[in-house]
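Numbering of the sequence shown is given in full-length UniProt numbering, commencing with residue 1 and proceeding in unit increments.
We put the beta carbon where it would ideally sit given N, CA and C, even for glycine.
Owing to the predicted nature of the structure, the values given are computational and were not obtained by experimental measurement.
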Amino acid sequence: MDDRTTADRDLVHRYRGAPFPAAGGVRSVLDHLDRHARERGGEPYLTTPAADGTERTLTYAELDLHSRRTAHWLDTALGLPAGETVGLTPVNDIPSVVALFGALRSGRPVLVLNPADPVARVAEQTAALGVGTILTGPATDGDRFPGTVRVPGAERLPDPPADRSPAAPEPDADMLYFGTSGSTAASKLVAQTHANAVANADAMVRHHGLRPGDAFLGCLPVHHVNGVHLTLMATLAAGARAVLAPGFDPFRYPELLTLHRPRVASVVPSVLDALTAVWRRRELPAEFSHFVTAAAPLTAETARAVHARTGARVLQGYGLTETTNFSTTMPRDIGDDAYRRLLLDADIPTVGIAVPGNEVAVLGPDGRRARPGEPGEICMRGHNVMSRYAGNAEATAEAFAGGWFHSQDLGHEVLDEETGRTYFVITGRSKNIAKVRGEAVSLEEMERALRRLPGVLDAACAAVPDPLLGEVVAVALHAPATVGDDAVRTHLRAHFAEAVQPDRILRVPEVPRTATGKILRPALRDLLAPPPR
Numbered sequence: 001m002d003d004r005t006t007a008d009r010d011l012v013h014r015y016r017g018a019p020f021p022a023a024g025g026v027r028s029v030l031d032h033l034d035r036h037a038r039e040r041g042g043e044p045y046l047t048t049p050a051a052d053g054t055e056r057t058l059t060y061a062e063l064d065l066h067s068r069r070t071a072h073w074l075d076t077a078l079g080l081p082a083g084e085t086v087g088l089t090p091v092n093d094i095p096s097v098v099a100l101f102g103a104l105r106s107g108r109p110v111l112v113l114n115p116a117d118p119v120a121r122v123a124e125q126t127a128a129l130g131v132g133t134i135l136t137g138p139a140t141d142g143d144r145f146p147g148t149v150r151v152p153g154a155e156r157l158p159d160p161p162a163d164r165s166p167a168a169p170e171p172d173a174d175m176l177y178f179g180t181s182g183s184t185a186a187s188k189l190v191a192q193t194h195a196n197a198v199a200n201a202d203a204m205v206r207h208h209g210l211r212p213g214d215a216f217l218g219c220l221p222v223h224h225v226n227g228v229h230l231t232l233m234a235t236l237a238a239g240a241r242a243v244l245a246p247g248f249d250p251f252r253y254p255e256l257l258t259l260h261r262p263r264v265a266s267v268v269p270s271v272l273d274a275l276t277a278v279w280r281r282r283e284l285p286a287e288f289s290h291f292v293t294a295a296a297p298l299t300a301e302t303a304r305a306v307h308a309r310t311g312a313r314v315l316q317g318y319g320l321t322e323t324t325n326f327s328t329t330m331p332r333d334i335g336d337d338a339y340r341r342l343l344l345d346a347d348i349p350t351v352g353i354a355v356p357g358n359e360v361a362v363l364g365p366d367g368r369r370a371r372p373g374e375p376g377e378i379c380m381r382g383h384n385v386m387s388r389y390a391g392n393a394e395a396t397a398e399a400f401a402g403g404w405f406h407s408q409d410l411g412h413e414v415l416d417e418e419t420g421r422t423y424f425v426i427t428g429r430s431k432n433i434a435k436v437r438g439e440a441v442s443l444e445e446m447e448r449a450l451r452r453l454p455g456v457l458d459a460a461c462a463a464v465p466d467p468l469l470g471e472v473v474a475v476a477l478h479a480p481a482t483v484g485d486d487a488v489r490t491h492l493r494a495h496f497a498e499a500v501q502p503d504r505i506l507r508v509p510e511v512p513r514t515a516t517g518k519i520l521r522p523a524l525r526d527l528l529a530p531p532p533r
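1) Can you tell me where the alpha helix (DSSP H) holding GLN125 begins and where it ends?
2) Out of curiosity, what's the CA-to-CA distance linking ARG68 and ARG105?
3) Under the assumption that VAL98 contacts HIS66 (Cβ atoms under 8 Å), give the Cβ distance between them as a whole number of angstroms.
4) MET233 and residue 558 - do their beta-carbons sit closer together than 8 Å?
5) On the CB-based measure, 16 or more other CB atoms within 10 Å of its CB, does GLY17 come out buried or exposed?
6) Examine the Cβ distances between the segment 429 to 439 and the segment 29 to 36 and report whether three or more of them are shorter than 8 Å.
7) With ALA237 as the anchor, note down where its beta strand (DSSP E) starts and where it stops.
8) Report yes if the CB atom of PRO221 is closer than 8 Å to the CB atom of GLY227, and no otherwise.
9) Find the nearest neighbour of ILE519 within the set PRO467, PRO531, ALA460, judged by alpha-carbon distance.
10) Taking 6 Å as the limit between beta carbons, can you name the residues of its chain near PRO254, skipping five residues before and five after?
11) According to DSSP, simplified to helix, strand and coil, what is ASP8?
12) Less than 7 Å between C-beta atoms, sequence neighbours within five positions excluded: which residues of the same chain meet that for THR148?
13) Could you spell out the range, first to last residue, of the beta strand (DSSP E) harbouring residue 536?
14) Can you tell me whether PHE251 is buried or exposed? The criterion is at least 16 other CB atoms within 10 Å of its CB, across all chains shown.
15) Counting only the same chain and skipping the five closest in sequence on each side, list residues whose C-beta sits under 6 Å from that of residue 549.
16) Report all residues from its chain with a CB closer than 7 Å to the CB of GLU447; omit the five preceding and five following residues, and keep chain order.
17) Is it buried or exposed for GLU62, if we count other Cβ within 10 angstroms and need 16 for buried?
18) Does the Cβ-Cβ distance between ALA240 and LEU256 come in under 8 Å?
19) Could you say which of GLN125, GLY102, ASN196 lies nearest to ASN358 if we only look at CA atoms?
20) Using a Cβ-Cβ cut-off of 7 Å (strictly less than) and excluding sequence neighbours within five positions of ALA312, which residues of its own chain qualify?
21) For the segment 116 to 126 and the segment 494 to 509, state whether three or more C-beta atom pairs, one from each stretch, are separated by less than 8 Å.
22) Are there 16 or more other CB atoms within 10 angstroms of the CB of PRO522, so buried, or fewer, so exposed?
23) For MET380, write down the residues that DSSP places opposite it in a beta bridge.
24) For the alpha helix (DSSP H) that SER165 lies in, which residues bound it at each end?
25) What whole-angstrom Cβ distance do THR328 and GLY317 have, given they're in contact under 8 Å?
26) DSSP state of ALA203, grouped into three classes?
27) What three-state label does DSSP hand MET446 in the structure shown?
28) Please say whether VAL475 and LEU450 have beta carbons closer to each other than 8 Å?
29) Under 7 Å Cβ to Cβ from GLU444, same chain only, skipping five residues before and after it: list those, please.
30) With three or more C-beta pairs closer than 8 Å as the rule, is the segment 77 to 90 touching the segment 198 to 206?
31) Here's the rule: buried if 16 or more other CB atoms are within 10 angstroms of the residue's CB, otherwise exposed. What is ALA77?
32) Quick one: residues in its chain with C-beta nearer than 7 Å to the C-beta of ARG261, no 5 flanking neighbours on either side, listed in chain order?
33) Work out the CA separation of ARG437 and LEU46 for me, nearest whole Å.
34) In the DSSP assignment, what residue or residues form a beta bridge with SER387?
35) Does DSSP put THR490 in a helix, in a strand, or in coil?
36) I need the DSSP call for ILE134, collapsed to helix, strand or coil.
So this is what it looks like as structure tokens:
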């Protein structure tokens, strides 16, 4: 690592010039668990309502005890080497959450895996990190992935010896690994540290005003960075209660709002669209403050529909796996006039202001900060920026160039003269990524997979608008009729999650390309644009 790269890496992890640790001396989210287990051990940390109407609740004291038992089991029954990374295929249930905290308690970083991912994708990610053991709970298929071990119920595990307690992790130690971009490749596995998790949790607590005893309703999967860091870690830091639904059911969701009376609910835009379509309630619980949404662009139409049907605000946020969940979110104290101007009546709704612990800037091609309204690249630095891309020093150095994390997302700043706050607007992506149902997928990776299918002569993919999902993937395919659509879809399902499968396959005589062979992306999007409705 040369001097310039070292300097960039140091600067990108500083917030207003200051390195971690954060105020209060919290070095890991496990410190929050220790404190709440002592101070409010009998209070609920996690409630998991099931589809049949039953539910389970885990208190702070139970999470503390069960995670310690699980950590001891990892050390003794499995005999895993200290500090060895383990995989985890979590679902939205208590055993998965206990397994996560148990692994962290044991001092082992966790590679968070999507239980529904293709076997080849999981194999590539585990191989990249040398992971030989994948933990899973009772609700997942334990035979899908080689090396899977089902974690016993913590209620049946013995207590660890009183004198046996793992050493507290260092703030800069690896805590979690996540894959990015829905790619089958393992070239960009994000390494997040304990400091990253603390910084994001602290920012979310402060930004959303979470307090001990508050209920927070989540329905997003906990194999995603949002589900882990907002629904689980932020509520833990606050001493609040996470209500973790197994998924989103538009007919059941209003009942969860009424029954559990959350202050905040975490969603994605497609959830809000489905919710407003079936909403028949008169009003939300008095305790309810707002919905927070991210992962896909929020339209003004969706926000207006939510406001009209429920009376609630939607606060849009923005962030990446590389920046540990959120970099910006609309402030909860935004005035009515500003909310209408910047979201309800905006052509492109704002993603809000920088959250505490990180700086956000729009930079021009020369690296200088753009003026309000001037387009550029959205860049971040602070305590929430990942440690690195694991095993990929070149990609890390490129991402951290100049002491900023380069998102490759395009946008501009908006200065609110009334409050002096700087808001950010995302206008596009310079990288070829589609976000469908909150899942990210690399269009280039899908193109490469299509071209590997025997008989396919050429293929290109584009993200095209969809009135419900925001955007979907469409494919331009140059192939003979002997390569049927069913064969194409079967091939893609072996490599990509169901959520990001193409909505449309268009047969073309050729893929639009330049003379040098580069895909003409604008022409491709025009070609694949959905027909007028």
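Short version:
1) The sequence position of residue 125 within the sequence shown is 125, counting from 1. 119 to 129 is the span of the alpha helix (DSSP H), which, as asked, contains GLN125.
2) What you label residue 68 is simply residue 68 of the sequence shown in a count that begins at 1. What you label residue 105 is simply residue 105 of the sequence shown in a count that begins at 1. One C-alpha to the other measures close to 6 Å.
3) Position 98 of the sequence shown holds residue 98. Position 66 of the sequence shown holds residue 66. With a Cβ gap of about 5 Å, VAL98 and HIS66 count as contacting.
4) Residue 558 lies beyond the residue range present for the chain, which begins at 1 and ends at 533; the question has no answer from this structure.
5) Taking the first residue of the sequence shown as 1, we reach residue 17 at position 17. Exposed.
6) With a cut-off of 8 Å, the segment 29 to 36 and the segment 429 to 439 do not count as touching, because too few Cβ pairs lie within range.
7) Taking the first residue of the sequence shown as 1, we reach residue 237 at position 237. Where ALA237 is concerned, there is no enclosing beta strand (DSSP E), although the alpha helix (DSSP H) it sits in stretches over 235 to 238.
8) Locating residue 221 in the sequence shown gives position 221, counting from the first residue. Locating residue 227 in the sequence shown gives position 227, counting from the first residue. Closer than 8 Å, so yes.
9) Looking up residue 519 in the sequence shown gives position 519. Residue ALA460 holds the alpha-carbon nearest to the alpha-carbon of ILE519 among PRO467, PRO531, ALA460.
10) On the sequence shown, position 254 is the one that residue 254 refers to. Here PRO254 has ARG281 as same chain residues with Cβ atoms under 6 Å from its own Cβ, once five neighbours each way along the sequence are excluded.
11) For the purposes of this step, residue 8 is taken as the residue at position 8 of the sequence shown. Note: ASP8 maps to helix in three-state DSSP.
12) The count along the sequence shown starts at 1 and reaches residue 148 at position 148. Closer than 7 Å at Cβ, skipping near neighbours: ILE134, THR136, GLY142.
13) The question about residue 536 has no answer here: the residues shown for the chain are numbered 1 through 533.
14) In the sequence shown, counting from the first residue as 1, residue 251 sits at position 251. Exposed, by the Cβ-count rule.
15) Residue 549 lies beyond the range of the chain shown here (1 to 533); nothing can be said about it.
16) As a first step, residue 447 must be located in the sequence shown, where it is residue number 447. Hits under 7 Å: ALA459, ALA460, CYS461.
17) The residue labelled residue 62 in the question sits at position 62 within the sequence shown. When all chains shown are included, GLU62 counts as buried.
18) Start at 1 with the first residue of the sequence shown, and residue 240 comes out as number 240. Start at 1 with the first residue of the sequence shown, and residue 256 comes out as number 256. In this structure, LEU256 does not lie closer than 8 Å to ALA240 by Cβ.
19) Residue mapping note: residue 358 aligns to position 358 of the sequence shown, counting from 1. Minimum Cα distance to ASN358 is reached at ASN196.
20) For the purposes of this step, residue 312 is taken as the residue at position 312 of the sequence shown. Taken in chain order, the residues that qualify are LEU284, PHE288, HIS290, PHE291, VAL306.
21) The answer is yes - the segment 494 to 509 touches the segment 116 to 126, with three or more Cβ pairs under 8 Å.
22) As a position in the sequence shown, residue 522 is number 522, starting the count at 1. Note on PRO522: under 16 other CB atoms within 10 angstroms of its CB, so exposed under the neighbour-count rule.
23) Your numbering for residue 380 matches position 380 in the sequence shown. Among the bridge pairs identified by DSSP, MET380 is matched with VAL360, PHE405.
24) The count along the sequence shown starts at 1 and reaches residue 165 at position 165. Taken as a continuous stretch (DSSP letters only), SER165 belongs to no alpha helix (DSSP H), as it is neither H nor E.
25) To locate residue 328, count along the sequence shown from 1; it is residue 328. To locate residue 317, count along the sequence shown from 1; it is residue 317. Contact flag correct, Cβ pair sits at about 6 Å.
26) Within the sequence shown, the letter at position 203 stands for residue 203. Three-state result, ALA203: helix.
27) Here residue 446 is taken as the residue at index 446 of the sequence shown, counted from 1. It is helical.
28) Translated into positions along the sequence shown, residue 450 becomes position 450. Translated into positions along the sequence shown, residue 475 becomes position 475. For LEU450 and VAL475, yes; Cβs fall inside 8 Å.
29) Working through the sequence shown from its first residue, we reach residue 444 at position 444. So the list reads ASN432, once near-sequence residues are dropped.
30) With a cut-off of 8 Å, the segment 77 to 90 and the segment 198 to 206 do not count as touching, because too few Cβ pairs lie within range.
31) As a first step, residue 77 is located in the sequence shown; it is residue number 77 there, counting from the start. Its Cβ having fewer than 16 others within 10 Å, ALA77 is exposed.
32) Residue 261 sits at position 261 when you count from the first residue of the sequence shown. Take ARG261, set aside five residues on each side of it, and the residues of its chain with a beta-carbon closer than 7 Å to its own are ALA215, PRO285, GLU287, in chain order.
33) Stepping through the sequence shown from its first residue, residue 46 is reached at position 46. Stepping through the sequence shown from its first residue, residue 437 is reached at position 437. Taking the straight line from one Cα to the other gives about 25 Å.
34) As a first step, residue 387 is located in the sequence shown; it is residue number 387 there, counting from the start. In DSSP, SER387 forms no bridge with anything.
35) Counting from 1 along the sequence shown, the entry for residue 490 is found at position 490. THR490 falls in the helix class under three-state DSSP.
36) Position 134 of the sequence shown, counted from the start, is the residue given in the question as residue 134. Judged by DSSP in its simplified three-state form, ILE134 adopts strand.
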